[in-house]
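Position in the sequence shown counted from 1, then plus 8, gives you our numbering.
C-beta: ideal position from N, C-alpha, C; glycine also.
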Amino acid sequence: MLSVDGIETFYGTFQALRRISLEVDSGEVVTILGANGAGKTTLLRTISGLVSPAAGSIRLNGEPLDKVAPDVIVKRGISQCPEGRMLFPEMSVHKNLELGAYVRRKERTLVEEMRQEVYDLFPRLQERKKQAAGTMSGGEQQMLAIGRALMSRPHLLMLDEPSLGLAPLVVMHIMDTLVEIKKRGMAILLVEQNAAESLRIADRGYVLETGRVVLAGTPESLMQDEKVQQSYLGT
């Protein structure tokens with residue numbers, strides 16, 4: 009579904025990504041591990057069209073994306089749930105979800121179907137649909153951020169550190185929900201520092217260091233790698 013081939017991304021003269029290549033297949037969870045500054049967020053921003061690559065190619069179902077505007081990329085089927093959630097805190101749960109469907113706003117039936125799917129995944133959001141997003145707990149806000157990203161009905165959902173700042177039981181619930189989303193046919197590209205939880209639900213994984221892919225493989229092979237154990241699993 010998603011093919012990233014040799015992309016290089018710069019911020020001014022600083023090179024953040026160095027010939028990154030990866031693939032995400034339909035109905036697959038792929039996790040990206042790496043320390044702060046490894047280039048994980050830049051990778052997602054480049055795929056989303058928020059940053060333009062200086063070299064390489066990005067394709068979704070064979071169609072090029074590397075020179076496409078961000079809103080068109082969303083329409084084509086890629087949605088990103090950003091680090092830090094980036095909700096509209098004074099708006100209700102309902103309104104935040106509505107904004108997630110902006111590119112589909114003329115398809116009212118589809119929007120209502122997607123909202124109900126989000127409420128099915130996260131019943132707590134339906135209970136709080138009139139509540140201001142900023143007054144909810146961190147876990148509830150993360151549910152809303154994921155729900156908002158789903159409202160455009162993407163083929164590929166990208167998430168940037170969804171476990172950040174959450175209690176372990178909440179993280180487990182979020183990850184289990186991502187498995188449920190995968191079962192519904194959606195591909196997921198997951199950026200995480202919580203290696204144990206992300207590898208638990210992943211089909212494949214990549215490890216980034218200083219803008220390069222240094223390891224790739226199955227969760228089992230990555231968990232057995234000594235460097236991954238020491239750097240990300242604490243063993």
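Open item on the list: For a test of the three-state rule: what should DSSP assign to Thr226, helix, strand or coil?
Closed with: Walking along the sequence shown from the start, residue 226 turns up at place 218. Reduced to three states, the DSSP call for Thr226 is coil.
- [ ] Could you please give the first and the last residue of the uninterrupted alpha helix (DSSP H) stretch that includes Tyr127?
- [x] Here residue 127 is taken as the residue at index 119 of the sequence shown, counted from 1. It spans Arg116 to Leu129 - the alpha helix (DSSP H) in which Tyr127 sits, taken as one unbroken run.
TODO: Look at the alpha carbon of Val179 and the alpha carbon of Thr117, and state the distance between them as a whole number of angstroms.
DONE: Looking up residue 179 in the sequence shown gives position 171. Looking up residue 117 in the sequence shown gives position 109. If I take the Cα positions, the gap works out to 32 Å.
Task: Nearest-angstrom beta carbon gap, Val236 and Gly42 [assumed within contact, 8 Å] - done: Translated into the one-based positions of the sequence shown, residue 42 becomes position 34. Translated into the one-based positions of the sequence shown, residue 236 becomes position 228. About 11 Å; that fails the 8 Å criterion.
Open item on the list: Does the structure place the stretch 188–205 close enough to the stretch 27–39 that three or more beta carbon pairs sit under 8 Å?
Closed with: yes
- [ ] Please check the pair Ala141 and Gln149, which I expect to be a contact at CB under 8 Å, by giving their CB distance rounded to whole angstroms.
- [x] To locate residue 141, count along the sequence shown from 1; it is residue 133. To locate residue 149, count along the sequence shown from 1; it is residue 141. Confirmed, about 6 Å.
Open item on the list: In whole angstroms, give me the CA-to-CA distance for Thr49 and Ile154.
Closed with: Reading the sequence shown from its first residue, position 41 is the one you call residue 49. Reading the sequence shown from its first residue, position 146 is the one you call residue 154. Each residue's Cα considered, the two are about 16 Å apart.
Task: Bridge-paired residues (DSSP) for Leu198 - done: Residue numbering aside, residue 198 sits at position 190 when the sequence shown is read from its first letter. Answer is Thr39 and Leu167, bridged to Leu198.
Task: Backbone secondary structure at Ala63 - three-state DSSP - done: Reading the sequence shown from its first residue, position 55 is the one you call residue 63. Here Ala63 sits in strand by DSSP.
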